[in-house]
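S.K.: Right, I'll just put the structure down here and ask away after.
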Ligand code: F6P
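In my numbering, the protein residues as written are 1271 to 1825.
Next up, the structure:
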């Protein structure tokens, strides 16, 4: 008789973690640090230009051993190899997930169905190189022979967030010849605001859509095309100003994009993993191709580390296991991403899509409902701004949200003492989260301020900070193409590792489909000029009636 597959929570390794959590749940990190003066050295690792201090976590040596044992029992090393080898790790769509091939700098072939995909990847990089050179050297010009001054990238989700993050992160590397604008939202205000400030004669549009079926992108492209045609452009001139990146060249051609202006995408690259492909063109145009290759090299260095380092020294694996420790054994529902770098302020938004679209799943790869928590709510924002806003909840709220503090050792803009102050803020937050403030300390502090006994009794408890809140500190020398590449790849591999342990398909996104399907029916009803026969639920019906009433005389 074949044995029923063992569910994650019935594994002895899972049970061992439950028992271990019960054993250490009253430990305080202050004590862990007091007991072990070498805790920082013990829990500090470097790879691919990044350094991770994970000493401020609720872990002991035993915790980590249990977590590594769990990872091994889920065949993590074999599953890492499977992804790099091109196995169909996206089981529901029966596809490999080969974003790592896009930054494969070796001569090693990467095969899909027996065909090496590396020549196609290298050809596309060479085409990108030529395109970037032609635009930046002003060989490729607009319809009045003026050089381009603006690039407008139209795309959404992975065809927007990744390139936008990288462009913003590497602003100091912009050569300054081109302004880059991103349009994603179907809210007409977004494209209107962009079009208001640009000149059709000197603007290049990049239409970024893997499927070329995404409503928001197609509608925005239509508006951009109309605007171009009404402002001096013409059908013949479109080929000078519109370029697409897509896996669906047929639809792009139907849409009026010249065939020679289409860069390929492949079904073995997920949208949220696509910034390394030609979807990265807006970035490459603004930072130049050498820097874009630097980005790929940084990601590749992290890939090599992830593929070859033992689990115990593997940065993405350690971050993933810590996330599982808190999410599955301590009840944390959220995880904060706190970049202390102005240029990296878009990182939380990109990681929201990367992590939540990948691991926001409730069935296993075999389609069985899970009986454990999967992907957390990813949230965050730039430090130190958040300290004057939501950090209060991190320090004294009732919710547990571990946090990653991300900071460069050097700034691109050394003004005054700013960087030392920024660094001090970052460290003080992780220290405060870890050590907190006891009631005795709060009382002593109030007494030192000269408060009387009554006032101290009234205020002391409000001033207590429980501490024992976990955080990681991620450091790098400076935000360069290489370090930014390594940083994003680190989180990609963290996400995959967690998906392996939770046994979910980290590369599909069926959850976003229902809204798209329902949206089509609702749009038909909103736009109907005659009577509305549709009926769904009273709330949706009522809101449709309200909208139609307000637009009786048109939009
Ligand atoms: O709606 C989700 C999604 O499918 C993402 O996964 C993807 O990145 C985004 O839409 C955009 O898709 P496309 O590149 O095909 O326009």
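Using N, Cα and C, we set each Cβ at its ideal position, and we do this for glycine too.
Treat the numbers as computed from the prediction; the structure is a model and nothing was measured.
Is DSSP giving residue 1678 helix, strand or coil here?
M.R.: Note: residue 1678 maps to strand in three-state DSSP.
S.K.: Does the separation of the CB atoms of residue 1405 and residue 1418 fall below 7 Å?
M.R.: Result yes, Cβ atoms of residue 1405 and residue 1418 sit closer than 7 Å.
S.K.: Grab the span of the alpha helix (DSSP H) containing residue 1649 for me, first residue to last.
M.R.: Unbroken run through residue 1649 is the beta strand (DSSP E), 1647-1650; no alpha helix (DSSP H).
S.K.: Verify the contact flag: residue 1429, CB atom, against every heavy atom of ligand 1, threshold strictly below 6 Å.
M.R.: At least one heavy atom of ligand 1 is nearer than 6 Å to the Cβ of residue 1429, so yes.
S.K.: Quick check on residue 1385: does DSSP put it in helix, strand or coil?
M.R.: In the structure shown, residue 1385 sits in a strand (DSSP, three-state: E or B).
S.K.: Quick one: what does DSSP say residue 1477 is sitting in, helix, strand or coil?
M.R.: In this structure, residue 1477 counts as strand in the three-state DSSP scheme.
S.K.: Regarding residue 1480 and ligand 3, is the C-beta to nearest heavy atom distance less than 6 Å?
M.R.: With respect to ligand 3, the structure shown offers nothing to examine, as its ligands consist of ligand 1.
S.K.: Which stretch, first to last residue, makes up the alpha helix (DSSP H) that contains residue 1575?
M.R.: Taken as a continuous stretch (DSSP letters only), the alpha helix (DSSP H) holding residue 1575 covers 1559-1578.
S.K.: Would you call the segment 1620-1639 and the segment 1706-1719 touching, i.e. three or more CB-CB distances under 8 Å?
M.R.: No contact exists between the segment 1620-1639 and the segment 1706-1719.
S.K.: Can you determine whether any heavy atom of ligand 1 sits closer than 6 Å to the C-beta of residue 1484, and answer yes or no?
M.R.: Flag set: Cβ of residue 1484 near ligand 1.
S.K.: Below 6 Å, is the gap between the Cβ of residue 1601 and the nearest heavy atom of ligand 1?
M.R.: The answer is no for residue 1601.
S.K.: Are three or more beta carbon pairs between the segment 1585-1605 and the segment 1302-1320 nearer than 8 Å?
M.R.: The segment 1585-1605, when compared against the segment 1302-1320, does touch it at the 8 Å Cβ threshold.
S.K.: Hey, quick one: how far does the beta strand (DSSP E) through residue 1515 stretch, first residue to last?
M.R.: Segment 1512-1516, the beta strand (DSSP E) holding residue 1515.
S.K.: Among 1752, 1342, 1361, 1780, whose alpha-carbon lies nearest the alpha-carbon of residue 1571?
M.R.: Nearest C-alpha to residue 1571: 1752.
S.K.: Is residue 1426 near ligand 1 - that is, is its Cβ less than 6 Å away from at least one heavy atom of it?
M.R.: Checking the Cβ of residue 1426 against ligand 1 gives yes.
S.K.: CB residue 1555 to CB residue 1421, shorter than 7 Å?
M.R.: Yes, Cβ-Cβ distance for residue 1555 and residue 1421 is below 7 Å.
S.K.: Taking DSSP as the reference, what is the three-state secondary structure of residue 1530?
M.R.: Correct three-state label for residue 1530: helix.
S.K.: Would you kindly work out how many angstroms separate the C-alpha atoms of residue 1546 and residue 1577, rounded to a whole number?
M.R.: One C-alpha to the other measures close to 18 Å.
S.K.: With a floor of 4 residues, list each alpha helix (DSSP H) that falls wholly inside the segment 1644-1731, ordered by position along the chain.
M.R.: Here the runs fully enclosed are 1661-1666, 1688-1705, 1709-1718.
S.K.: Using only the alpha-carbon positions, how far apart do residue 1723 and residue 1323 sit?
M.R.: Taking the straight line joining both Cα atoms gives about 41 Å.
S.K.: Who pairs with residue 1315 in a beta bridge, going by DSSP?
M.R.: Paired residue(s): 1322.
S.K.: Is residue 1782 near ligand 1 - that is, is its Cβ less than 6 Å away from at least one heavy atom of it?
M.R.: Checking the Cβ of residue 1782 against ligand 1 gives yes.
S.K.: May I have the straight-line CA-CA distance separating residue 1779 from residue 1627, to the nearest angstrom?
M.R.: Approximately 6 Å between the Cα atoms of the pair.
S.K.: Determine the contact status of residue 1534 and residue 1394, defining contact as a CB-CB distance below 7 Å.
M.R.: Closer than 7 Å, so yes.
S.K.: In this structure, how does DSSP classify residue 1743 when only helix, strand and coil are distinguished?
M.R.: Strand, per DSSP.
S.K.: How many Å lie between residue 1553 and residue 1498 at the Cα?
M.R.: About 23 Å.
S.K.: May I ask which residues mark the beginning and end of the beta strand (DSSP E) holding residue 1809?
M.R.: Note, residue 1809: premise wrong, no beta strand (DSSP E); alpha helix (DSSP H) at 1808-1820.
S.K.: In whole angstroms, give me the CA-to-CA distance for residue 1309 and residue 1743.
M.R.: Going from the Cα of residue 1309 to the Cα of residue 1743 covers about 14 Å.
S.K.: Leaving aside the five residues before and after residue 1458 along the sequence, list all residues of the same chain whose C-beta is less than 8 Å from its C-beta, in chain order.
M.R.: Here the set comprises 1493.
S.K.: Can you say whether residue 1272 is buried or exposed, counting buried as having 16 or more other CB atoms within 10 angstroms of its CB?
M.R.: Low confidence applies to residue 1272: its pLDDT is 48, below 50, so where it sits in the model is not reliable, and the reading given next is rough at best. Exposed, because fewer than 16 other Cβ atoms sit within 10 Å of the Cβ of residue 1272.
S.K.: Please tell me whether, using a cut-off of 6 Å, the distance from the CB of residue 1491 to the nearest non-hydrogen atom of ligand 1 is below it.
M.R.: False, no ligand heavy atom lies under 6 Å from that Cβ.
S.K.: Tell me which same chain residues have a C-beta within less than 6 Å of the C-beta of residue 1736, skipping the five on either side of it?
M.R.: Excluding sequence neighbours, residue 1736 sits near 1706.
S.K.: For the alpha helix (DSSP H) containing residue 1766, name the first residue and the last one.
M.R.: Start and end: 1751-1772.
S.K.: Just reading off the beta strand (DSSP E) that residue 1549 is part of, what are its end residues?
M.R.: Per DSSP, residue 1549 belongs to no beta strand (DSSP E) and is neither H nor E.
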